[in-house]
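Single-structure report; data block below.
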Amino acid sequence: MGVLDNKRALIVGVASNRSIAWGIAEAMAQQGAEIALTYQNEKLKTRVEQCAEVCGSKVVLPLDVTRDEDVEAVFAELERQWDGLDILVHAVGFAPREELAGSFVDNTTRAGFATAQDISAYSFVALAKAARPLMRGRNGSLLTLTYLGGERALPNYNVMGPAKAALEASVRYMAYDLGPEGTRVNAISAGPIRTLAASGIGDFRKMLDYNAQAAPLRRNVTPEDVGKAGVFLCSDFASGITGEIVHVDGGFHSVALSGAEFE
Ligand code: NAD
Ligand code: 0WE
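Those letters in the sequence shown? Residues 846 to 1108, per the numbering used here, in order.
Dropping the structure here:
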């Protein structure tokens, strides 16, 4: 018996077995949810299909969130295969790599800013819009992934900061709009995790070490930590929680001066 028995979950954002979305998919499957996965492009298809096999998912669909026709096709297919949808997980973020380093003011372009907002923030609204008829009246739950860089300025996150700020505000407006029909909307603000989206980010190792030292739990979080919190937020145990940003970061966000240098 699982806390998500008889629930149907669409999970967007699996790219590898290190993806945060994969940690969530595994945890949800373990708790009895039936899973559908999407893949961004043909390059990622095989890897996502392998993940689908592991979590017993029989529905694997292509989805590039910048394409309205992909978004429509995904929900048309889900409507055909499933009678409704209980859970939607959005774990997608992107900005041009050149803009994730150095000076925010000098390196941010109009096009890069728009891309970051479109893929990292608007896409959550777009998915909610398309999922709405399938989720209405089922006590459904939407979940997205954000990062501390949306609340505070830190090195190199740059144009992704305003994109996560927009995503977090969208969580509140979506919760406000969808609450009357029983749908909850929340976000997890995860601490840094080495995934594909973190690969090639300068000094990521140093960031991980700094976070682990400063966090009250004195360690970094894993996709499993995030997966468990995701299960909670999308389960009936969180029936009164919506419009919320839950930090799953070992407590890093809650401290100012911390770590070995000050103790
Ligand atoms: P990841 O690379 O495994 O996942 C990012 C996903 O975004 C990939 O599956 C990729 O295919 C998808 N994506 C990008 N552009 C897309 C598009 N146009 N259409 C469809 N999908 C697209 O990395 P991750 O770290 O698991 O990232 C998942 C989420 O978690 C992101 O929103 C990220 O901002 C957030 N997050 C990551 C960390 C971290 O340190 N890794 C921390 C906090 C929050
Ligand atoms: O949200 C993220 C990752 C965001 C991301 C990463 C990439 C790398 C590849 C968005 N777009 C791209 N574009 C690419 O071409 N995180 C929370 C992980 C992350 O990324 C950082 C971080 C952290 C933490 C970038 C700079 C500083 C810290």
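In this text, a Cβ means the ideal position worked out from N, Cα and C, and glycines have one as well.
query                                                                                          : result
Meets three-Cβ-pair contact criterion under 8 Å: the stretch 1017-1034 and the stretch 972-984 : yes
Distance cut-off 7 Å: S1015 Cβ against heavy atoms of ligand 1                                 : no
Simplified DSSP assignment, three categories, for N952                                         : helix
Bridge-paired residues (DSSP) for T989                                                         : H935, A1032
Host beta strand (DSSP E) of A1066 (start-end)                                                 : According to the sequence provided, residue 1066 is Val. The question's Ala does not apply to it. V1066 -> no beta strand (DSSP E), and no H or E assigned at all.
N886 burial status per 10 Å Cβ neighbour count (16 or more: buried)                            : exposed
Cβ contact (3+ pairs, closer than 8 Å) linking the stretch 898-911 and the stretch 868-888     : yes
Check: P1037 C-beta below 7 Å from any heavy atom of ligand 1                                  : yes
8 Å CB neighbourhood of R942 in its chain, flanking five on each side removed                  : G1045
Exposed unless 16 or more other CB atoms sit within 10 angstroms - verdict on R1064            : exposed
Pick from K1009, A961, S948 that is closest to T911, judged by C-alpha positions               : A961
Burial state of A956, where buried means 16 or more other Cβ atoms lie within 10 Å             : exposed
C-alpha gap between N1056 and E1013, whole angstroms                                           : 22 Å
For E917, the three-state DSSP class (helix, strand or coil)                                   : helix
L923 vs L987 beta-carbon contact at 8 Å                                                        : no
Straight-line Cα distance separating G868 from G1072                                           : 5 Å
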